[in-house]
Amino acid sequence: MTAAREYEFTRRDFDFLRRLSNQHTGIVVTDDKFDMFYSRLARRVRALGLGSFAEYCNYLEHPDSDTEMVELVNALTTNLTSFFRENHHFEFLAGTALPDLVQRNRSSRKVRIWSAGCSTGEEPYSLSMVLQESMPLLNGWDVKLLASDIDSNVLRQAQAGVYPLARVEGIEKARLKRFFQKGSGSNTGKARVRSELRRAMEFRQVNLMNKLDVETQDIIFCRNVIIYFDKETKRKLLDKFAESLAPNGYLFVGHSESLHQVTDRFQLIGNTVYRKVR
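The letter at position 200 of the sequence shown is residue 752 when you use the working numbering, and the numbering goes up by one with no holes.
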């Protein structure tokens with residue numbers, strides 16, 4: 553027997569909200585997400601002091617609802633991540649991509665990397681660790697790392713760089729010792745990233761559905777993001793990434809994602825690693 557819901561949530565409400573979500577994020581929401589939508593958005597209905605989801609839908613149609621749209625997106629986006637997730641990507645970065653860029657960019661001595669969909673920061677900090685470990689190769693180079701997400705809440709967590717010890721326990725001991733500090737006082741039981749990992753990093757809220765205002769990148773990590781998009785939205789985003797990448801730039805995607813039959817602007821060169829070809 554299903555427990556009674558606190559608020560009435562109709563099919564019409566669901567269809568309106570998933571259409572609105574798709575317009576703002578590009579994410580395709582399937583019918584089986586009905587209960588997930590209710591559980592994640594009921595707290596927004598409650599926080600606004602509204603009496604029903606119908607009222608919430610009306611509220612979102614108001615011209616001054618931009619702030620609530622941010623809350624809607626924050627509530628619905630999924631943020632599953634970990635340090636050095638899909639570690640083969642970081643091995644490819646250190647062993648292949650960076651040495652290649654050092655050869656290709658030796659006149660400019662610049663490297664630009666973008667973590668697009670950085671969530672709570674584990675990915676960009678993992679990238680930063682690899683960059684720090686590659687400093688003999690990159691010594692004296694202008695290296696910058698952009699970390700972006702559409703969700704303002706997780707972006708704040710990423711900027712803070714403070715994690716429960718359980719979240720960092722999978723990191724090699726040498727890296728833990730070099731790149732993290734054990735928290736004290738209110739941060740007891742937590743670890744904080746050291747300042748050297750943030751030195752070349754910029755955090756920015758970016759909606760990938762909008763025009764991308766970023767400088768030319770050598771490498772883009774966008775993993776476990778396009779899996780939520782329909783084919784046409786994927787194609788448009790991949791076009792934007794191709795325009796944002798330098799010639800022969802690298803694109804890393806998630807283990808369950810493929811660009812096959814979506815775009816011909818990238819060539820598969822490794823395990824979910826692509827190179828821009830046009």
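Glycine included, each C-beta is placed from N, C-alpha and C at the ideal position.
- Partner residues in the beta bridge of W666, as assigned by DSSP, are L698 and I772.
- A direct Cα-to-Cα measurement between L602 and M621 gives close to 16 Å.
- Positions of the beta strand (DSSP E) runs, each at least 3 residues long and wholly inside the segment 724-766, are given as 732-734, 742-745 and 753-757 in order along the chain.
- For the 7 Å CB-CB criterion, T672 and A710 form a contact.
- Put simply, the backbone Cα of M753 is about 10 Å away from that of S700.
- Taking 7 Å as the cut-off, the Cβ atoms of E675 and S667 count as close.
- Looking at the DSSP output, F818 bridges to K828.
- Taking all protein chains shown into account, N776 has 16 or more neighbouring C-beta atoms within 10 Å of its C-beta and is therefore buried.
- By the criterion of at least three beta-carbon pairs nearer than 8 Å, the segment 770-790 is in contact with the segment 808-816.
- In the DSSP annotation of this structure, V714 is not part of any alpha helix (DSSP H); the continuous beta strand (DSSP E) holding it starts and ends at V714 to P716.
- In this structure, DSSP gives G801 an extended state, which the three-state scheme calls strand.
- In the displayed model, F781 falls within a strand according to three-state DSSP.
- The residue among E721, N705, R658 and S617 with its C-alpha nearest the C-alpha of D694 is R658.
- About 15 Å separates the Cβ atoms of Y590 and L600, ruling out a contact at the 8 Å cut-off.
- Of all C-beta pairs linking the segment 622-637 to the segment 788-796, fewer than three are shorter than 8 Å, placing the two stretches out of contact.
- Bounds of the alpha helix (DSSP H) holding D618 are D618 to L628.
- N639 and I723 have their alpha carbons spaced roughly 11 Å apart.
- By alpha-carbon distance to D770, the top candidate from C609, F804, H614 and Y559 is F804.
- Approximately 13 Å separates the beta-carbon atoms of F644 and S678; this is outside 8 Å, ruling out the contact.
- Within the model, the alpha-carbon separation for E784 versus E767 is close to 25 Å.
- Straight across, the Cα-Cα distance linking R557 with E613 is about 24 Å.
- When rounded, the separation of the alpha-carbon atoms in L749 and Y715 is 14 Å.
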